[in-house]
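Under the numbering used here, the first residue of the sequence shown is numbered -18, with each subsequent residue one higher. Even glycine gets a Cβ: it sits at the ideal position worked out from N, Cα and C. Predicted, not measured: the structure shown is a model, and the values here were computed from it. Comments concern the structure below.
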Amino acid sequence: MSKERTYISLDDPRIRSIAKTDPALFFKTYTHPILIDEIQYAPELSPYIKMIIGREKKNGLFWLTGSQMFHLMKNVTESLAGRIAVLNLQGLSQNTGA
């Protein structure tokens, strides 16, 4: 049985501050598997994600989402090269056809 995924949004200024200033504390507080939304606000998490992936050697530990194109996030893409799959999704809408 798999553990439920924790959802964290870096839109929250308190959470973002911890992610940026103390990534080690962030990952002690929020354990994987984890979905980190708005990852572009804290590229400081990337080296820690890389270390955890290297140590655990499991797929799907982290789901990273954001409103910025991933290939434009220099600090994130460089440190996670070869460790990620990028899915570009279009916006969602509900068309009632009326």
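Between A5 and the set G47, A23, P(-6), S(-10), the nearest pair of CA atoms involves A23. With contacts defined by Cβ atoms closer than 7 Å, I(-11) and I34 do not form a contacting pair. Distances from the alpha-carbon of L45 to those of K38, E37, R36, K31 put K31 closest. In the three-state scheme derived from DSSP, where H, G and I count as helix and E and B as strand, T2 is classed as helix.
In this structure, E25 lies away from G47, with their beta-carbon atoms at least 7 Å apart.
Between F7 and A0, the CB-CB gap stays under 7 Å.
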